[in-house]
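Heads up: the sequence shown is residues -14 to 234, going by the working numbering.
For each residue, glycine too, the CB sits at the ideal point set by N, CA and C.
Given the structure is predicted, the values throughout are model-derived calculations rather than measurements.
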Amino acid sequence: MKNIKSLVALFLLVGLFVPAIMFAEDQVGASTKMIGFCSKITTKEKTFEDNTLSKEQKSLNRKESQNIIWDAKKTLTESKKDKTRAFVDEKRELNFSNVEVRAKTDAQKQAVETYKTTIKTAIENRRTIIDSAINNWRTTVEKNTLARRASVNTIWTTFKTTVDSALLKAKTDCATGTKQDIIKTTFNETVRVAREKMETDRKALFNVSAQVESLNQIKRDIIKKAQDDFKAVVEKAKADLKIAFPNKK
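Written as structure tokens, this is what we have:
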């Protein structure tokens, strides 16, 4: 009887201590996991900052490179245009001289002057229209490019701010003893939603390349019309000039 009482007492003692031991083990395990996750949060923050700086620097380098290429192409195009026009002007003056030599009568001399004035005016008009079309094209492309860059920067800044806030909240929750599962789930979900929004917003941005192609067509149409109008004026001027110089039979 005494042995039975002792055995019952032992069972009761063990029953009291086992739950306490299990609870203590659970608490230690949760504490260890919490510390590990909080350490990762600190690492995540450092990694995010490093990646952000790297991406922003690459973006700046890419934009600077694009600006340099754009300016170089513009300078080269203008240089070629000026050289071509100078060459054409020289040939035109030679043509005028040849025609002037043939003019003998006052009527012929007047016809030559009219021809020269008509051609020079037509050339200036054509160049003005073409230069305006090219300048408008450049201005619009630059404007659209800068607008898209600004939109991209806004989208990126919004994402970065959201992640920074999520990191700060996770660190605060770790410090106040919030459960690791809640911290981790909240953080990951916030970052996931922010990333998806960033991608959606970027896809919704206008396509600069498509706009440039549309602007290219507008520019080509204007230049083609200017060329066609110029050719028509030149053909008529030549026809009028020939009247003053009838062919001898």
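Closer than 8 Å to chain B by CB, residue i
i	result
Thr124	In the displayed structure, chain B is absent; only one protein chain is listed.
Anticipated Cβ contact below 8 Å, residue i with residue j, distance rounded
i	j	result
Arg134	Lys48	7 Å
Phe33	Leu152	7 Å
Ile119	Ala211	Contact flag wrong, Cβ pair sits at about 11 Å.
Arg187	Val137	7 Å
Tyr283	Val86	Only positions -14 to 234 of the chain appear in this structure, which leaves residue 283 out of reach.
Residue i to residue j span [Cα, whole Å]
i	j	result
Ile228	Thr60	44 Å
Ile104	Lys182	59 Å
Val97	Phe72	22 Å
Leu226	Lys76	18 Å
Arg112	Ser39	46 Å
Thr69	Val197	26 Å
Trp122	Trp55	13 Å
Ala222	Asp74	17 Å
Lys53	Glu41	The question names Lys, but residue 53 is Ile in the sequence shown. C-alpha separation (whole angstroms): 18 Å.
Ala189	Thr171	27 Å
Ile26	Ile208	60 Å
Thr28	Ile140	24 Å
Lys65	Asn232	40 Å
Ile203	Ser44	31 Å
Asp240	Thr175	Here the chain has residues from -14 to 234 only, and residue 240 is not among them.
Asp116	Glu63	10 Å
Phe191	Glu78	48 Å
Ser82	Asn201	38 Å
Residue range of the alpha helix (DSSP H) that includes residue i
i	result
Ala88	No alpha helix (DSSP H) holds Ala88; DSSP gives it neither H nor E.
Asn201	193 to 229
Thr164	The sequence given here places Lys at residue 164; Thr does not occur at that position. Unbroken run through Lys164: none, as it is neither H nor E.
Own chain residues within Cβ distance below 7 Å of residue i, not counting five before or after
i	result
Asn80	none
Val193	Asn129, Thr130, Arg133
Ile168	Phe22, Ala155, Asp158, Cys159
Thr37	Lys145
Neighbourhood of residue i by C-beta, 8 Å cutoff - its chain only, sequence neighbours within 5 removed
i	result
Ala92	Ala229
Asp35	none
Lys58	none
Thr102	none
Close beta carbons around residue i, own chain, < 6 Å, minus the five adjacent residues each side
i	result
Asn46	none
Ala88	Lys94, Val97
Glu30	Leu152
Asn173	none
The ligand SAH heavy atom lying under 7 Å from the CB of residue i
i	result
Phe22	In terms of ligand content, the structure shown is empty, and the ligand SAH therefore cannot be addressed.
Legend entry - Three or more C-beta pairs below 8 Å linking the stretch 138 to 146 and the stretch 180 to 196: yes
Legend entry - Three CB pairs or more closer than 8 Å across the stretch 107 to 116 and the stretch 209 to 218: yes
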